[in-house]
Amino acid sequence: MHAPTDSHWATVKRILYYLKGTTSYGFHITRGSSFALHGFTDADWADSIDDRKSTGGYLVFFGQTPISWKSGKQCIVARSSTETEYKALADSTAEVIWLQYLLTDLQVPLVSAPTIWCTLARPISQQILSSMLVLSMLRWIITLSETALPRKKFRFVLSLLGINLQMSSLNRFLLCPLLLFDSSFGSILHPQLEGAYYKMYK
Amino acid sequence: MQIAQIIVWFKTGIKSIWYTRLSDFLLFIGFRASKVDTSLFILSDGSNIFYLLVYVDDILLTGSNSAMLHHLIQLLSFEFKLRDLGAVHYFLGIEVQSTGMGLMLRQHKYILDILTRAGMTSYKPVDILVSHSKITILPDNSFSDPTRFHQIMDALQYLTFTRPNIYFVVNRVC
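Chains as they are written, first to last, in my numbering: chain A, 78 to 279; chain B, 1086 to 1259.
Following this line, the structure appears as structure tokens:
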């Protein structure tokens, strides 16, 4: 933000009023015996009236304590509500993988695979669910490396992440990695999911 | 895991020199450097684990065994001049308070500092944050004091550590 306007300042003042009313609020780290990672994601669709971008976010719990969060406008304009949920899911997956790495470095034993919870429209089969998760990871990996990786490297990276590769729908995307850059590919899969959850595959 | 925190204050001077000395010493007594954070050191003997975090000349030390923790502080005090500040109550602008259930992190004083800097101490407080959908940033008149705006925004960014609920609106305005 290089040139703040009066409306920016009005919003900042509003935050400060709120902080003044809630100065004693804090953040509680709860002692607990569970060392499980749970990520929760959600997104709206094209709710910003200025540019029709969606807002998405995630909150990751370690035991009973939230340890990582993000909430903000997505950088793309999503063409379907599925796509925006999907984007939020991809972001949280990347974060959970990073936290997994961090906890391993801190020598914290993770007894179970991390769980990522999300809300999408209608029920979906486990098969598509898992392939979607793999795709979101692939997308993340590709975005990081900014190049389409050859098939062999893909498999190697996936094996590092401990991801199950027995997914038929995956091949299509492996053969055509550029498709992953297409922001509309989320809707190709026609996901239907409600209250279902994603389990990361060990 | 039982948690005890001790802040240690070093009297020694130039950072880079004593940091090298400190890290050499820590590695010597069995710590290993963390892969993700250069200022974090980890000591594990199988059943117990200790974390040592260095920030400039403050050290935060925590572990799963308080007797061994005191032993570690003694070891450090043989090697360096240090002051043991006891259980942590203030670190990097964050107030830490131990509750029976865990730890409470607050930035109460930090918020008051922001309000003073913004000249808003006498303003009326509200306890409801603005609704997300109501935040519209219009391309209207530019604000007269951008420096002050940026200072306050930076401070608010740091505040999101203990106040995740303002994360969205703060980043929306940035």
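Even for Gly, the Cβ is constructed at its ideal location relative to N, Cα and C.
Check                                                                                                                           : Outcome
With 16 other Cβ atoms within 10 Å as the buried cut-off, status of residue 239(A)                                              : A caution first: residue 239(A) carries a pLDDT of 45, below 50, which makes its placement in the model unreliable, though a value can still be read off. The residue is exposed, with fewer than 16 neighbouring Cβ atoms inside 10 Å.
Own chain partners of residue 124(A) with C-beta closer than 8 angstroms, once the 5 adjacent residues on each side are dropped : 131, 132
Alpha carbon of residue 1230(B) to alpha carbon of residue 98(A), nearest angstrom                                              : 25 angstroms
Inter-residue spacing [alpha-carbon to alpha-carbon] between residue 121(A) and residue 134(A)                                  : 9 angstroms
Own chain, CB closer than 8 angstroms to residue 187(A), minus 5 neighbours either side, in chain order                         : 112, 113, 114, 177, 180, 181
Within chain B, partners of residue 146(A) - CB distance below 8 angstroms                                                      : 1249, 1252
Residue from 89(A), 193(A), 185(A) with nearest C-alpha to residue 1253(B)                                                      : 89(A)
Contacts that residue 1203(B) makes with chain A (C-beta to C-beta distance below 7 angstroms)                                  : 93
Chain B within 8 angstroms of residue 98(A), Cβ atoms only                                                                      : yes
Where residue 1184(B) sits in the DSSP three-state scheme                                                                       : strand
Limits of the alpha helix (DSSP H) - the one that residue 83(A) falls within                                                    : 83-98
Neighbourhood of residue 145(A) by C-beta, 7 angstroms cutoff - its chain only, sequence neighbours within 5 removed            : 137, 172, 176
Beta-bridge pairing of residue 133(A) - partner residues as DSSP gives them                                                     : 120(A), 149(A)
Partner residues on chain A for residue 1211(B), Cβ-Cβ distance less than 7 angstroms                                           : 94, 95, 98
Beta carbon proximity, residue 182(A) to chain B, threshold 8 angstroms                                                         : yes
Where residue 1118(B) falls, given that 16 or more other Cβ within 10 Å makes a residue buried                                  : exposed
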